[in-house]
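J.: One gets the numbering used here by counting positions in the sequence shown from 1 and adding 1055 to each.
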Amino acid sequence: MSVQIAVAFLLFATSMSITPGAGNLALLGISNRFGFAAALPFIAGTSFGVLIVFAGTSAGLISLLTANPELYSALKYLGAAYLLYIAWGISQHSVAEQDRVEHSAGFGAGALIQVLNPKAWIAAMTVFSQFTDVSGNYLLQVSVIIVAFLVVTTLCTMVWAYFGAALKRLLKSSSQMLIVNRCLGLTLAATVVFMLSQGH
């Protein structure tokens, strides 16, 4: 991979990982509600989910997704339903709900958000089609791409978690936290609805 292609790849990976998609909004809400440390399992799960998606795509599983519209739709709606569940949890404020949602918004939640997102699979396919050279060592290229994307994803999600935790420190009362949590939950829900309305 040339320097120019490597730079283009890093810019692409960063733009895919740092933009305010549903996963990052969920992470913002989780870290705002429970703190930075509590968001780390979610971040680890997100990275693991990215690993599954990229490894699966490189192994050819993407062909199943593109050849079966029903599977694509199933992933799309399951992912949307799960994100709406997290959005609802973020917007809650009671201690009992907080303990339950904090437990549910950990490693598994981060991984599921990635695996159940069909657009993540399409993005992985785009990466491999644009940034690999068929004349080179495919396994080596795939390994480098996956490791690099994991590093970028982890760093970008940690930025979101940091901002969420910083916002938590700025809030002075439980009523302020309730308002922010409701806004974050509604924003995440609106993002999910917008994604569904795109129809692809």
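A virtual CB, placed ideally from N, CA and C, is assigned to each residue, including glycine.
All values reported here derive from a predicted model rather than from experimental measurement.
Buried or exposed for I1085, please, with buried defined as at least 16 other CB atoms from any protein chain shown within 10 angstroms of its CB.
T.: Per the 10 Å Cβ criterion, buried.
J.: A1166 and F1103: beta carbons closer than 8 Å?
T.: In contact: A1166 and F1103 (Cβ atoms closer than 8 Å).
J.: So A1094 packs on G1219, CB below 8 Å; how close in whole Å?
T.: Between G1219 and A1094 the Cβ distance is about 7 Å, and since that is below 8 Å, they are a contact.
J.: So, is V1105 buried or exposed, given that buried needs 16 or more other C-beta atoms within 10 angstroms?
T.: Its Cβ being crowded by 16 or more others within 10 Å, V1105 is buried.
J.: Let me confirm a value: P1173 is counted as buried when at least 16 other C-beta atoms fall within 10 Å, else exposed. Which label applies?
T.: P1173 comes out buried.
J.: So, is N1192 buried or exposed, given that buried needs 16 or more other C-beta atoms within 10 angstroms?
T.: Exposed, since its Cβ has fewer than 16 Cβ neighbours within 10 Å.
J.: By DSSP, does A1114 sit in helix, in strand, or in coil?
T.: Three-state DSSP puts A1114 in coil, outside helix and strand.
J.: When you compare only the Cα positions, how much space is there between F1109 and L1194?
T.: Approximately 13 Å, taken between the alpha carbons.
J.: DSSP state of R1155, grouped into three classes?
T.: Caution is warranted here: a pLDDT of 48 is assigned to R1155, below 50, making its placement in the model unreliable, and the coordinate value is therefore given only provisionally. R1155: helix per DSSP, three-state reduction.
J.: Here's a check: name, in chain order, each residue in its chain whose Cβ is nearer than 8 Å to the Cβ of F1162, leaving out the five neighbours to either side.
T.: Contacts found: P1096, F1097, A1099, G1100, F1103.
J.: Taking CB distances under 8 Å as the criterion, tell me whether G1161 reaches chain D.
T.: Here chain D cannot be found, since the structure has a single protein chain.
J.: Who are the near neighbours of A1179 in its chain, counting only those whose CB is closer than 6 Å to its CB and skipping five residues on each side?
T.: So the list reads V1108, F1109, T1112, once near-sequence residues are dropped.
J.: Quick check: what's the CA-CA separation for Q1059 versus G1078?
T.: The alpha-carbon atoms of Q1059 and G1078 are separated by roughly 29 Å.
J.: Going by the CB atoms, is the gap between V1247 and L1139 shorter than 8 Å?
T.: Yes. Within cutoff.
J.: Would you mind working out which of L1065, P1075, L1171, F1067 sits nearest L1126, comparing C-alpha positions?
T.: Per the Cα distances, L1171.
J.: Can you round the beta-carbon distance between A1203 and F1091 to whole angstroms, since I take them to be within the 8 Å contact cut?
T.: Contact doesn't hold; Cβ gap of about 24 Å is too wide.
J.: For L1239, which option in L1082, T1074, S1070 has the closest C-alpha, if you only look at C-alpha atoms?
T.: The residue with the shortest Cα to Cα distance from L1239 is L1082.
J.: Going by DSSP in three states, T1101 sits in which element: helix, strand or coil?
T.: Reduced to three states, the DSSP call for T1101 is helix.
J.: With a CB to CB cut of under 6 Å and the five nearest residues on each side skipped, what residues in its chain are close to A1142?
T.: The residues are G1240, L1243, A1244.
J.: Whole angstroms are fine: how far does the CA of I1073 sit from the CA of T1209?
T.: Between T1209 and I1073, the C-alpha separation is close to 10 Å.
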